[in-house]
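For the sequence shown, position 83 (counting from the first letter as 1) is numbered 115 according to this note's numbering, and the numbering increases by one without interruption.
Built from N, CA and C at the ideal position, the CB exists for glycine as well.
As structure tokens, the structure follows; a few thoughts come after it.
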Amino acid sequence: MIEMQDVWKTYTNGTHALQGVSVKIDRNEFVYVVGPSGAGKSTFMKLIYREEVPTKGQISVNGFNIGKLKQRKIPYVRRNIGVIFQDFRLLPRLTAYENVAFAMEVIEAPKKLIRKRVPEVLELVGLKEKMNREPAQLSGGEQQRVAIARAIVNNPSVIIADEPTGNLDPETSWEIMQLLDEINFRGTTIVMATHNKDIVNSMRKRVIAIENGNIVRDQVRGEYGYDF
Ligand code: ADP
Ligand code: ADP
């Protein structure tokens, strides 16, 4: 469902962030992306959700060649991909409910469906009781749960998570991982960049290691493999 063929990404300042990456990620996989800072992990993820386009090579997501996508088709691909960040990126003046509803409003979902679906998803992430709070009135773990609710509300086939536990304490990180594991179990592909050695080594899944813009390791039930 995600396929890269000899993908290169050179930023306008001349940095070669990815240098000939080829990889296939199937439907329903859970993949950790590991490697040193500056290795190209975020670039790898940004190419999948079309925040960046490749300089050379092909990327297909659900059969769409997303590097060559016409501008008007971008929303169709984006709605099939939910994105989660280390710093949550919630809208600060909106409540948890409104943050999640916003993702449905953007794709012009019917109002009736929004009113039904948003509480369901907030219940799934365990935040139904706090849906009228703004981000500042929620803990870090709770804010990440809202971000996860927002990412899954439109039923994407893929979740891209860039260091989702990077700002959370170990216990909260485990709770977030349990939630992502459950979402994966229900049928969503997850690609997650992480520096969390304990999580990678405990929840054994496919590990793709990137160094200097190349995939240097791809293991089925892999390990973190670094000391940082
Ligand atoms: P990682 O996520 O593994 O830390 P990144 O994909 O963020 O790595 O970065 C890979 C390389 O590309 C680094 O050298 C970084 O400085 C560079 N880079 C990332 N984004 C940009 C950008 N927008 N413009 C120029 N260089 C960038
Ligand atoms: P301990 O083993 O001392 O209870 P852990 O840090 O291993 O502490 O676990 C903390 C929390 O993370 C617990 O709620 C546990 O259920 C959960 N957890 C631990 N391992 C996994 C795993 N492989 N998958 C999902 N959740 C896990």
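Query raised in the report: Between Thr226, Leu211 and Ile91, which lies nearest to Thr263 when the distance is taken from Cα to Cα?
Result: Because the chain in this structure spans residues 33 to 260, residue 263 falls outside the shown range and cannot be described.
Query raised in the report: Does at least one heavy atom of ligand 1 sit under 7 Å from the Cβ of Thr75?
Result: yes
Query raised in the report: Just to confirm, are Asn186 and Ile222 a CB contact at a threshold of 8 Å?
Result: Taking 8 Å as the cut-off, the beta carbon of Asn186 is found no closer than this to the beta carbon of Ile222.
**Report entry** C-alpha distance - Gln103 paired with Glu35, whole-angstrom precision
**Finding:** 21 Å
Requested in this report: Report back the beta-carbon spacing between Ile191 and Ile116 to the nearest angstrom; my notes put them in contact at under 8 Å.
Outcome: 7 Å
Query raised in the report: Got a sec: does ligand 1 put a non-hydrogen atom nearer than 7 Å to the Cβ of Asn187?
Result: no
Query raised in the report: From what residue to what residue does the beta strand (DSSP E) around Leu92 run?
Result: The residue asked about is misnamed: residue 92 is Ser in this sequence, not Leu. Element bounds for Ser92: Lys88 to Val93.
Query raised in the report: Buried or exposed: which applies to Gln176, given that a residue is buried once 16 or more other Cβ atoms fall within 10 Å of its Cβ?
Result: buried
Requested in this report: Ignore the nearest five residues each way along the sequence and tell me which others in Ala241's own chain have a CB closer than 6 Å to its CB.
Outcome: Val66, Gly67, Val248 and Arg249
Query raised in the report: Going by DSSP, which residues form a beta bridge with Val185?
Result: None; Val185 has no bridge partner.
Report task. Ignore the nearest five residues each way along the sequence and tell me which others in Met136's own chain have a CB closer than 8 Å to its CB. Result -> Leu145, Ile146, Arg149, Val150, Val185 and Asn186
**Report entry** Ranges of the alpha helix (DSSP H) found wholly within the region 118-194, counting only runs of at least 4
**Finding:** Listed in chain order, they are 128-138, 143-156 and 172-184.
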